[in-house]
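Chains as they are written, first to last, in my numbering: chain A, 24 to 303; chain B, 24 to 303. In this text, a Cβ means the ideal position worked out from N, Cα and C, and glycines have one as well.
There are 2 protein chains.
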Amino acid sequence: MEKVIDGDEISSRVRDEVAEEVERMDRTPKLVAVLMSDDPASETYVRMKRQAADEVGIDSETVHIDPDASEDELLSTVEELNDDETVDGILVQLPLPDHVDEERAIEAVTPEKDVDGFHPFNKGLLLEGRPRFVPATPKGVVRMLREHGVDLEGQNVVIVGRSDIVGKPLAVLLLSRDVNATPTVCHSRTENLEEHTRKADIVVAAVGVPEFVTADMVSEGVIVVDVGINRVDGELVGDVAYDEVSEKAAAITPVPGGVGPMTVASLLENTVEAARLRQK
Amino acid sequence: MEKVIDGDEISSRVRDEVAEEVERMDRTPKLVAVLMSDDPASETYVRMKRQAADEVGIDSETVHIDPDASEDELLSTVEELNDDETVDGILVQLPLPDHVDEERAIEAVTPEKDVDGFHPFNKGLLLEGRPRFVPATPKGVVRMLREHGVDLEGQNVVIVGRSDIVGKPLAVLLLSRDVNATPTVCHSRTENLEEHTRKADIVVAAVGVPEFVTADMVSEGVIVVDVGINRVDGELVGDVAYDEVSEKAAAITPVPGGVGPMTVASLLENTVEAARLRQK
C-alpha cells in the first residue's frame, strides 16, 4: 500500500465518473448555492464548489442574499428553489448571520434537494442505514479509504471529534452494512484518549485542533485520516502532526490534498444522485 | 453501589414522576396504539403499554386494523390520528404484515406524535443532539444507569449490537453533550469482539442471542446492561450469561426486571412530552 493517500488523485477519478454520468443523463443537473454572507472564506468555498460542478458538466448558480436581510427572505428564497423544477440540489452555505436560525434554514430545504445531507430527515435515513444523501465529508472519507485499498470490514476505527458534519455521521456510515466497521467516537470528555487511538486500526482526526494527533498516540502500521483544515501562520495545517505520525503510519492523508478534495467530489455525486431521484 | 440494577424499582420511580406530571397538566394526555396483527405477543405488548399508561393517568386506546386490510387503510387510520386534536402520541405496533411497508407506515405518523421516536425526522434530531423523542429503550438504559449512580461521562461504553431501535440510537444518545460517554458499537462483523468488551467500563448487550456475553468477555468491575429478551424453553433469558458475568460485574441488570420496565416507563415520559409540546 502506498503511504500517502492522495486525495487529489482519487477525487479526480471520482469526478471523472461523475462527468461520465452527467453526460449520460437526459437533463443537465443543476446545483444552487445560497450565500448569505460577505465572509471571503464562505465566498471561496462556494466558488470552489461551483467550479468543480462546472468541470463535470453540472450547471450551477449562486443566489446572494444580503447578510442584513431577514430570515424570512432567506426562507422564501429556499422555498422558491424547492419549487423550481430546474433545480436538483440546494446548498445553504454556512455559517449564516447571527439573526438567522440555522436549523430552521436547513430544515427549509426540501429533503429531496438537500445534497449536503444536513436535513434531519436525511440524517434519520442515514441512521437507519438507508441514506439518501450522505454528508459529503464522511462519504468522501469512506470512498477515499476504499479507493486506496483499505478494507474497512471489522476494523477498529477511532474517530476523534463528534461534530454534526463529520464525527457523528461518519460513525453511523461506518456502522452500515455496506461498510461493517467498528467505530468508536472520542471527544473532549473522553478519558484516556490515547488508549483508544493506540488500539485503532484506523484513526480519523476531526477535532479542529492543529496537530492534535501525535506519534505517541498511534500504533505502528495505523492508517490515519486527517479531516482538519486549520490555518496557522497563513499555512494550512491538519489535525495530525503529519511528519511524526507518517513515520509510524501504513497510510495517511495529507493536508491539503487529502480529505478536502474528496468532500467536493462527494457533493457532486450527491447532486447527480438528486437529479436521478427526481427523474424517477 | 448495589450489584443488581433494579429496573422494576427504578421504573416505578419514573412512573411516579410521570403520574405527578400528568396530574399537573390541564388536559389528560392520550396515547393511541395502532395494532395490525393477530400475534399474541404484539397484543401483549400493546396491553402492557396501555396498562402502564392507565396507571399514571394517561388515556389510551387501541385501534385494531384487520391484518388482511390494505396498507392504505393503515395509512389513512394514521392520518386521522395525526389530525385528531385529542391524540398526543401514536404508536404503530411492529411488526406489520408482510404486504405493508413498515417504513412508509412509520413515516406516516406525524413527527409531533411519534412517541416511539422512530420517524426519520426524529432520528435526525437525535443525531444532531437535540432530540424530541428519544427511542424508549436507549432512553431507559441511560436513565437507569444514572439512577443507579453510574457516572457515564468519559466512560468507555461498548454496545454489542447495531439495531435501529437500540444499538445505533443508544450510541448517538451516549455521545450527546448531556451524557458525554465514549461509545463503541460492535456487531457480527467486528473483529476481536472480546478485546473491545474486555476494555469496556460498561457493556451493553443488545444482540438478541441468549447468553451471548460470557464472563471471559468482560473485566472485573464492569457494569453490564442486558437489553436482550429471549424465550428459551419457556423462560425469559437475556443476552448475558447472568450467573457467571454477575460474579465479575460491579453492577448488572437482570432479565426480566431490568431494561424491560424502563422501556415502558420511557414511552410514558415521551407521551407526556408530546402532550406538553402540543400545548405550546
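Give the DSSP bridge partners of residue i, in chain order.
| i | result |
| --- | --- |
| A/R254 | A/L259 |
| B/G112 | B/L54 |
| A/A228 | A/V183 and A/D249 |
| B/V236 | B/V263 |
| A/V27 | A/I275 |
Since residue i and residue j are thought to touch, with beta carbons under 8 Å apart, how far apart are those beta carbons, to the nearest angstrom?
| i | j | result |
| --- | --- | --- |
| A/N179 | B/R212 | Contact doesn't hold; Cβ gap of about 12 Å is too wide. |
| B/S83 | B/A76 | 4 Å |
| B/L198 | A/K191 | 7 Å |
| B/V27 | B/I275 | 7 Å |
| A/V227 | A/V245 | Going by Cβ atoms, the distance from A/V227 to A/V245 rounds to 11 Å, so no, they are not a contact pair. |
| A/P312 | A/D139 | There is no way to answer for residue 312 of chain A, as the model of chain A reaches only from 24 to 303. |
| B/I81 | B/L54 | 6 Å |
| B/L181 | B/H219 | What sits at residue 181 of chain B in the sequence shown is Val, not Leu. Confirmed, about 5 Å. |
| A/M71 | A/V287 | 6 Å |
| A/S186 | A/A229 | 6 Å |
| B/R38 | B/V79 | 5 Å |
| A/E306 | A/A297 | Residue 306 of chain A cannot be examined here, being either before or after the span of chain A that is shown, 24 to 303. |
| A/L150 | A/V195 | 5 Å |
| B/H122 | B/M24 | With a Cβ gap of about 50 Å, B/H122 and B/M24 do not count as contacting. |
| B/M240 | B/E217 | 5 Å |
| A/E94 | A/D124 | 6 Å |
| A/A64 | A/L114 | The Cβ separation is near 15 Å, so there is no contact. |
| B/R221 | B/G152 | In fact, because the Cβ distance is near 30 Å, the residues do not count as touching under 8 Å. |
| B/P90 | B/P120 | 5 Å |
| A/E46 | A/L58 | The pair is not a contact, with the Cβ atoms about 28 Å apart (cut-off 8 Å). |
Does any residue of chain E bring its CB to less than 9 Å from the CB of residue i?
| i | result |
| --- | --- |
| B/E126 | The structure shown has no chain E; the protein chains it does contain are A and B. |
Please classify residue i as buried or exposed, where buried requires at least 16 other C-beta atoms within 10 Å of its C-beta.
| i | result |
| --- | --- |
| A/T207 | buried |
| B/K303 | exposed |
| A/T160 | buried |
| A/G184 | buried |
| B/E224 | Correcting the residue type first, residue 224 of chain B is Asp in the shown sequence and not Glu. The residue is buried, with at least 16 neighbouring Cβ atoms inside 10 Å. |
| A/L300 | exposed |
| B/D137 | buried |
| A/V69 | buried |
| A/Q116 | buried |
| A/G283 | buried |
| A/M285 | buried |
| A/R169 | exposed |
| B/V255 | exposed |
| A/S60 | buried |
| B/T205 | buried |
| B/E176 | exposed |
| B/E234 | buried |
Inter-stretch contact at 8 Å, needing at least 3 Cβ pairs: the region 243 to 252 of chain B / the region 261 to 272 of chain B | yes
Touching by the beta-carbon criterion (3+ pairs, under 8 Å), the region 268 to 286 of chain A and the region 88 to 108 of chain A = no
Just list the beta strand (DSSP E) runs in the region 59 to 104 of chain B, keeping only unbroken ones of 3 residues or longer that don't cross its boundaries, in chain order.
-> 82 to 87
Okay, do the region 155 to 166 of chain B and the region 290 to 301 of chain B touch, 3+ Cβ pairs below 8 Å being the bar?
-> yes
Going along the chain, which unbroken runs of the alpha helix (DSSP H) with 4 or more residues stay wholly within the region 156 to 210 of chain B?
-> 159 to 170 and 190 to 198
Do three or more CB pairs link the region 163 to 183 of chain B to the region 138 to 145 of chain B at distances below 8 Å?
-> no
Segment contact, 8 Å Cβ cut-off, at least three pairs: the region 93 to 104 of chain B with the region 120 to 138 of chain B = yes
Just checking, does the region 279 to 291 of chain B make contact with the region 31 to 46 of chain B on the three C-beta pairs under 8 Å criterion?
-> yes
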